[in-house]
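Positions 3 to 381 (the numbering used here) are the ones given, in order, by the sequence shown.
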Amino acid sequence: MISHCPVGALPPWSPTGEPPFLFDRRRSVIRDIQQSLELELLGEPNVALQRYQTRPPEDSGSWQSSVQDWGEEVEEGAVYNVTLKRVQIQQAANKGARWLGADGDRLPPGHTVSQLETCKIRSIKAGTLERLVETLLTAFGDNDFTYISIFLSTYRAFASPADVLGLLLDKYGDLDSTGSDESGSPTVPPDSRAAVRNAIASILRAWLDQCPEDFHQPPEYPSLHKVLEYLHRTMPGSDPERRAQNLLEQLQRQDQSEPESEGGFHGNSSFCLGEDEEVEVDAAEDFLSIPEDLVAEQLTFMDAELFKKVIPHHCLGSIWSQRDKKENKHIVPTVRATITQFNALTKCVVCTVLRGRDLKPQHRARVIEKWINTAQIYK
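Structure (structure tokens):
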């Protein structure tokens, strides 16, 4: 959320960290643009100003950064971090062009001047679930897709997918043709209703793409059906509706063809040795015959496949810390798979080194050396 404010209306940046104060015109780095354009021609004829660009004094510490922390703003249900940022805009150098409303970016370089403008940027720091979901819509309007991704990756620490989906669709998605919601809120203009529908559709599309596991609720899939019902009613035939339908069919086929694994997670078993499995190791000579780079390549491939399937919210401390509870033995399966693979590899190394009491010390030393060389490549 960015708001443009006149430079003179905001305090300057303080390099010493002191509280901001109102602009002192005698110390202001940004001078009045008309004063900046005054030139002493020294009596030389045919001198014309072609371009002007403000340049800060080299010894001015206030120009070290274009972004300055401003503080916090508190509203009902939300706390925002506020920063000030200086941005450069192009303005017509000719007064007549400015009076006519000519845009600086549409004029030749020689007919524009650069001017600094201060923007106020707010980012939500904490808030109720309702305000966080509301910020999803405003973030889409501000092209702040980073917030949307971060929210989708972390919201499970304090809410369920059904909670978020209910707020998103029931509160903001059920605007009738008159522009009022079920609670009798004031009428919403048609343009605003269309903007809200587009924002919700884009958020749902990102949700379906980034976190399809949130909708894996066999056998009825209530959340996915709720999404489909909303999209079919408001945006029939749209891309988000096709994505939701494709995901539903994919999950149904998956549940019918494969037995459900831990937590509904599929596909890691083929790349994991298995911590509880007995690692069968042939004679040490067979292991020594395998090229070290091949061993490292295959181990890297197995790790890569596992890490690509890690779901971000499985790494949250608030979720991972619950794994040892009896009722949560099936949670975070993607992270558990990487740990199982690491433990299985450790067991494999121990077995190849210690297995076989009749193995000569020189031969055992060669096995250890081979694992060390493999690890150097593997890292």
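Where a beta carbon is used, it is the ideal one built from N, C-alpha and C, also for glycine.
With respect to Tyr174, Val198 sits close: the two C-beta atoms are nearer than 8 Å. Burial of Phe217 is indicated by the presence of at least 16 other C-beta atoms within 10 angstroms of its C-beta. Around the Cβ of Gln70, a 10 Å sphere holds 16 or more other Cβ atoms; the residue is buried. DSSP, read as helix, strand or coil, puts Thr120 in strand. Judged by their CB atoms, Arg124 and Glu75 are nearer to each other than the 8 Å cut-off. Judged by pairs of C-beta atoms under 8 Å, the region 242-260 does not touch the region 343-357, as fewer than three such pairs exist. Where Asp295 is concerned, the enclosing alpha helix (DSSP H) starts and stops at Glu294 to Lys310. The criterion of a C-beta distance shorter than 8 Å is not satisfied by Ala161 and Tyr149. Between Ser204 and Pro163, the CB-CB gap reaches or exceeds 8 Å.
Out of Trp72, Thr376 and Leu308, the CA that lies nearest to the CA of Phe289 is found in Thr376. Excluding residues up to 5 positions away in sequence, Ile126 lie with their Cβ nearer than 6 Å to the Cβ of Thr137 in the same chain. Around the C-beta of Ile292, fewer than 16 other C-beta atoms lie within 10 Å, and the residue is accordingly described as exposed. Annotation: Gly175 is outside any alpha helix (DSSP H) and is labelled neither H nor E by DSSP. In this structure, the straight-line span from the alpha carbon of Leu167 to that of Ser151 is close to 15 Å. Between the alpha carbons of Asp146 and Asp172 lies a distance of about 23 Å. Contact between the region 309-322 and the region 364-374 is absent: fewer than three C-beta pairs spanning the two stretches fall below 8 Å. Nearest to Thr342 by alpha-carbon distance, out of Gln378, Cys121 and Met304, is Met304.
Secondary structure at Ile341: helix, using DSSP grouped into helix, strand and coil. Looking at the backbone, the Cα of Trp209 and that of Phe153 are separated by about 10 Å. In the DSSP annotation of this structure, the continuous segment of the beta strand (DSSP E) that includes Asp71 starts and ends at Val69 to Glu77. Within the same chain, Cβ atoms closer than 6 Å to the Cβ of Gly129 are found at Gly79 and Ala80, the five residues on either side in sequence being excluded. The closest CA to that of Ala339, considering only Leu356, Val351, Val84 and His316, is found on His316.
Within the same chain, and ignoring the five residues on either side of Glu132 in sequence, the residues whose Cβ sits closer than 8 Å to its Cβ are Gly79, Leu169 and Lys173.
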